[in-house]
Amino acid sequence: DNSARNEEYYIYQQHHKQFVSVFPKILLSTMVLEKPIVIDCRDHLHGRLASIVAKELLAGQKVVLVRCEEMVISGSLVRNQTKYAQFRAKHMNTNPERGPFHFRSPARIVWRTIRGMVHQKTARGQAAIGRLSTFEGIPHPYDKMKRKVIPAALRVVRLKPGRNFCKLGDLANNVGWKHKELVDRLEDKRRAKSEAFFQKKKAAAALKAKAEEAAAGELAKVNETLAAAGY
């Protein structure tokens with residue numbers, strides 16, 4: 063018995079490093095996660111939203127961020143433009159083509175911020191950033207999906223009244239992003255379609271309520287039977 067135990071212990075010792083490296087993969091594959099979460103970034107603070115999303119990505123959750131151009135950054139537009147100009151000055155001295163790369167579009171700016179929060183030079187970090195999608199506006203099919211907000215990252219909750227802030231879309235437009243007008247035009251079309259759908263849905267709900275009220279007497283017995291059955 064003792065020899066068998068010693069042999070077992072020796073095998074465990076030999077493969078201990080391998081077991082430790084595989085364990086996180088096993089843990090992530092057995093976690094209970096939701097379907098991809100779609101977050102509407104409108105009026106969220108950039109850094110606070112990014113840190114919360116980074117945690118979720120590392121836990122194995124897929125996240126889609128829409129309307130990144132409507133996200134806000136604390137500080138005035140002039141201040142943030144100055145900071146971005148300082149950031150643009152950072153490049154490889156001998157060959158700037160090798161990086162670092164300075165993204166101009168709001169979606170890529172947000173993506174790069176979150177990338178810096180997930181240890182992207184490790185396999186776990188690469189897997190996490192692969193679960194993230196970022197978009198300007200709300201493209202198909204996310205325009206027909208339920209969108210969520212993060213209360214802990216909302217500007218009205220976190221930023222003191224009276225403090226300066228600017229939209230990420232305005233900052234991106236001032237530093238070289240060329241598609242602000244296009245995104246605004248597409249968003250106007252999407253909002254018009256969405257409003258028409260909502261009015262149609264509201265009218266259908268009103269008709270249904272009216273029909274149920276008219277048939278209330280006839281359905282009384284049926285409803286009693288259904289209620290007794292647990293419906």
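The sequence shown runs 63 to 293 under this note's numbering. Every residue gets a Cβ at the ideal spot worked out from N, C-alpha and C, and that includes glycine.
Starting from the C-beta of residue i, find all residues in its chain whose C-beta is less than 7 Å away, skip the five residues before and the five after it, and write them out in chain order.
i: P203; result: none
Looking only at C-alpha atoms, which of the options sits nearest to residue i?
i: L244; options: H164, G199 and R209; result: G199
i: A121; options: N142, V140 and E96; result: E96
i: V237; options: G279, R253, R104 and K145; result: K145
i: A234; options: T196, V115 and Q143; result: Q143
i: D232; options: I101, K117, K124 and V140; result: V140
i: W299; options: A116, H153 and A185; result: This structure cannot settle anything about residue 299, because the visible part of the chain is limited to 63 through 293.
i: P168; options: A267, A254, T287 and K242; result: K242
Looking only at DSSP bridge pairs, what is residue i linked to?
i: D102; result: V128
i: I135; result: C228
Count the other CB atoms, across all protein chains shown, that sit within 10 Å of the CB of residue i; report buried if there are 16 or more and exposed otherwise.
i: L107; result: buried
i: R129; result: buried
i: N285; result: exposed
i: E275; result: exposed
i: A21; result: With the chain covering 63 to 293 only, the question about residue 21 has no answer from this structure.
i: F259; result: exposed
Among residues of its own chain, excluding the 5 on either side of residue i, which ones have a beta-carbon nearer than 6 Å to its beta-carbon?
i: I191; result: R177, V180 and Q182
i: G109; result: none
Got a sec? Which residues, its chain only, sit under 8 Å from residue i by beta carbon, not counting five neighbours each side?
i: V219; result: P213
i: I99; result: E118, Q123, K124, V125, V126 and K210
Using a Cβ-based criterion (distance less than 7 Å to any ligand heavy atom), does residue i qualify as near the ligand GTP?
i: A189; result: Looking for the ligand GTP in the displayed structure turns up nothing, as the structure carries no ligands at all.
Inset, instruction - Please determine if the region 153–166 and the region 129–141 are in contact, where contact requires at least 3 C-beta pairs separated by less than 8 Å. - result: no
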